[in-house]
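>
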Amino acid sequence: MKLVTIVGARPQFIKASVVSAALAHSCEEVMVHTGQHYDHNMSDVFFEELGIPRPKYNLGVGSGSHGKQTGEMLMKIEEVLLEEKPDVLLVYGDTNSTLAGALAASKLHIPVAHVEAGLRSYNRRMPEEQNRVLTDHISSWLFCPTQTAADNLKKEGVEQGVSITGDVMLDSVLHFLKVAKENPEKSAIYDRLGITPKGYRLATLHRAETTDGGLEAVLRIFRAFEQLPQPVVLPIHPRTRKLAEEAIQQEGFGNIQLIDPVGYLEMLLLTSGANQVLTDSGGLQKEAWFMEVPCVTLRQETEWVETLTGSWNVLSQLETEDILQKALHTIPDPSARGLMPFGDGHASEKIAAALLEQTK
Ligand code: UD1
Ligand code: UDP
């Protein structure tokens, strides 16, 4: 079987790392990087650390408006597909790279396999929601991380080709957290940042919904972080950097430790060592849950509804008081963690086996 895989954004490199490893001995995989993320610490660092096959193609699309970015990807991916003639096209998640890949393949009658199918926030204003819904409806094989995801698809009349495999991000946490802990250079992250395990909180911010609120939105969030009793380490996504720097210039915020984005191994160490996570990231909410670290999600809704059980994850308005209230007064219930809703840590193998079976 010959497979073309489309990746482009940070979380996709992480997801592809475990699935590519599972596919390595049974098929020919051609990795295509759209170039959606391109800074060293948003892209190359993941290829260096995680053993992901080097992309045969880097389409160099870079940043731009949704139409420009997605359109340019669509044209360039089509050229690659015509050249490579794969049996299957594999996409991950819900970014513009996901949609462009799925659309290019679907129009050429190449079956699309979607990893992380069926997630829904039911907020159609989110570009990610548009990407997910459209990708799911043109995919032949839909690999759902949870039962909820499969149920969501059923509600939309999508049942054929759907399977529940578990979440590949659980596979990657189980594998790479151990790798990170055994690596003295990576484990030195705590000393480098002058923090001690459980003596700090970890935050990330990058959603369009957050940054669309401009400086005022970031100030409201930072005013809450400033009042927390422990320092807040904030690896800043490039989308939010300028606003974060402006906020700090304006009000100081000595409790916030703004750092460059870190590689995945350091990020896993920072997450597992945190007292609490505060984030608008999809992936980080789940990683916090996997590592039993309480999380405050700075959003109106979450696709990962399972994490809300027992208050391990709570949603917060982007308002200073609400963030503080949730961060200081939420007590997670240790008895509410039964029956791993995200699978058994072998989702990647299940996806690899299913792909082989279906293309026999
Ligand atoms: C994208 C995804 C989002 C995902 C996130 C993961 C879409 C619509 N959004 O959001 O679902 O959660 O990736 O991180 O696909 N930039 C840089 N350097 C980079 C990459 C981006 O400076 O290497 C800056 C540019 O100013 C760019 C902005 O960040 O305009 C946003 O980048 P973009 O890829 O459009 O969206 P993300 O916010 O990264
Ligand atoms: N991540 C990372 N370095 C960072 C911030 C995040 O490696 O500085 C990882 C994080 O652990 C998770 C993934 O990036 O695995 C999440 O990506 P992001 O929040 O950018 O996107 P989302 O999951 O919201 O789509």
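Residues 9 to 368 (my numbering) make up the sequence shown, in order.
Note that beta-carbon positions come from the ideal geometry of N, C-alpha and C, so glycine has one too.
Does the contact criterion of 3 or more C-beta pairs under 8 Å hold for the stretch 157-164 versus the stretch 30-45?
Flag = no, the stretch 157-164 and the stretch 30-45 do not touch.
> Classify residue 248: buried if its beta carbon has 16 or more other beta carbons within 10 angstroms, exposed otherwise.
Under this definition residue 248 is a buried residue.
> Excluding the 5 residues preceding and the 5 following residue 119 in the sequence, name in chain order all residues of the same chain whose CB lies nearer than 6 Å to its CB.
If we look at residue 119 and ignore the five residues flanking it on each side, its Cβ neighbours are 96 and 148.
> On the three-pair Cβ rule with 8 Å, is the stretch 217-229 touching the stretch 298-305?
Touching, no, given that fewer than three Cβ pairs across the two stretches are closer than 8 Å.
> DSSP state of residue 149, grouped into three classes?
Residue state, collapsed to three classes: strand.
> Just reading off the alpha helix (DSSP H) that residue 362 is part of, what are its end residues?
Residue 362 -> alpha helix (DSSP H) spans 355-366.
> So, for residue 256: in the same chain, excluding its five sequence neighbours on each side, which residues have a beta-carbon less than 8 Å away from its beta-carbon?
Excluding positions up to five away in sequence, the list reads 230, 264 and 266.
> Kindly indicate the opening and closing residues of the alpha helix (DSSP H) around residue 253.
That run of the alpha helix (DSSP H) goes 246-259.
> Which of helix, strand or coil does DSSP assign to residue 171?
Residue state, collapsed to three classes: strand.
> Per DSSP, what kind of secondary structure is residue 33 in: helix, strand or coil?
Note: residue 33 maps to coil in three-state DSSP.
> Which residue or residues does DSSP assign as beta-bridge partners of residue 209?
DSSP, once it has assigned bridges, lists 240 and 284 as partnering residue 209.
> Since residue 238 contacts residue 207 with CB under 8 Å, what's their CB separation in whole angstroms?
Their Cβ separation, rounded to whole angstroms, is 6 Å, which keeps residue 238 and residue 207 in contact under 8 Å.
> State yes or no: is the C-beta of residue 195 nearer than 7 Å to some heavy atom of the ligand UDP?
Incorrect: residue 195 has no Cβ contact closer than 7 Å to the ligand UDP.
> By the 10 Å Cβ neighbour count, where 16 or more other Cβ atoms means buried, how is residue 294 classified, buried or exposed?
So residue 294 counts as buried.
> Residue 244 to residue 127, Cα distance in whole Å?
Approximately 25 Å, taken between the alpha carbons.
> Would you grab the beta carbon distance between residue 236 and residue 209 for me? Rounded to a whole angstrom, and I think it's under 8 Å.
The pair is a contact, with the Cβ atoms about 6 Å apart (cut-off 8 Å).
> CB residue 102 to CB residue 140, shorter than 8 Å?
Yes. Within cutoff.
> Buried or exposed for residue 364, please, with buried defined as at least 16 other CB atoms from any protein chain shown within 10 angstroms of its CB.
Counting Cβ neighbours within 10 Å, residue 364 comes out exposed, since fewer than 16 surround it.
> Pull up the CB-CB distance for residue 59 and residue 34, whole angstroms please, since I reckon it's below 8 Å.
Not quite, the Cβ-Cβ distance comes to about 17 Å (not below 8 Å), so this is no contact.
> I'd like the list of long-range same chain contacts for residue 341, defined as Cβ closer than 7 Å, with 5 residues on each side in sequence excluded.
Within the same chain, residue 341 has close Cβ partners 318 and 319.
> Taking the C-alpha atoms as reference points, what is the distance between residue 36 and residue 11?
Answer to the nearest angstrom: the Cα atoms are 6 Å apart.
> Examine the ligand UDP and report whether any of its heavy atoms sits within less than 7 Å of the Cβ of residue 295.
Answer for residue 295: yes, Cβ within range of the ligand UDP.
> Is residue 212 near the ligand UDP - that is, is its Cβ less than 7 Å away from at least one heavy atom of it?
Under cutoff, so the answer is yes.
> Can you name the start and end residues of the alpha helix (DSSP H) that residue 333 belongs to?
Counting along the chain, the alpha helix (DSSP H) containing residue 333 begins and ends at 328-337.
> My assumption, with CB atoms under 8 Å, is that residue 45 sits in contact with residue 16. Please give the rounded CB distance.
Right, their Cβ atoms sit about 6 Å apart.
> Which runs of the beta strand (DSSP E) spanning at least 3 residues fall entirely within the stretch 261-317, listed in chain order?
You should have 264-267, 284-287 and 303-305.
> Could you please give me the residues that DSSP links to residue 118 through a beta bridge?
In DSSP, residue 118 forms no bridge with anything.
> Relative to the C-alpha of residue 262, which candidate in 275, 240 and 280 has its C-alpha closest?
Residue 240 is the option with its Cα nearest to residue 262.
> As a quick exercise: from 337, 276, 330 and 286, pick the residue whose alpha carbon is nearest that of residue 182.
The option with the nearest alpha carbon to residue 182 is 276.
> Excluding the 5 residues preceding and the 5 following residue 357 in the sequence, name in chain order all residues of the same chain whose CB lies nearer than 6 Å to its CB.
The answer, listed in chain order, is 30.
> Can the beta-carbon of residue 184 be found less than 8 Å from the beta-carbon of residue 273?
Going by C-beta atoms, residue 184 is nearer than 8 Å to residue 273.
> Check the C-beta distance from residue 310 over to residue 292 and give it rounded, since I have them as a contact under 8 Å.
Between residue 292 and residue 310 the Cβ distance is about 11 Å, and since that is not below 8 Å, they are no contact.
> Would the C-beta of residue 26 count as close to the ligand UDP, meaning under 7 Å from any of its heavy atoms?
No, the ligand UDP has no heavy atom inside 7 Å of this Cβ.
> Distance, Cα to Cα, residue 85 vs residue 328?
Distance between the alpha carbons of residue 85 and residue 328 is about 43 Å.
> Does at least one heavy atom of the ligand UD1 sit under 7 Å from the Cβ of residue 131?
Incorrect: residue 131 has no Cβ contact closer than 7 Å to the ligand UD1.
> For the putative contact between residue 122 and residue 150, defined by C-beta atoms under 8 Å, what is the C-beta separation to the nearest angstrom?
Confirmed, about 5 Å.
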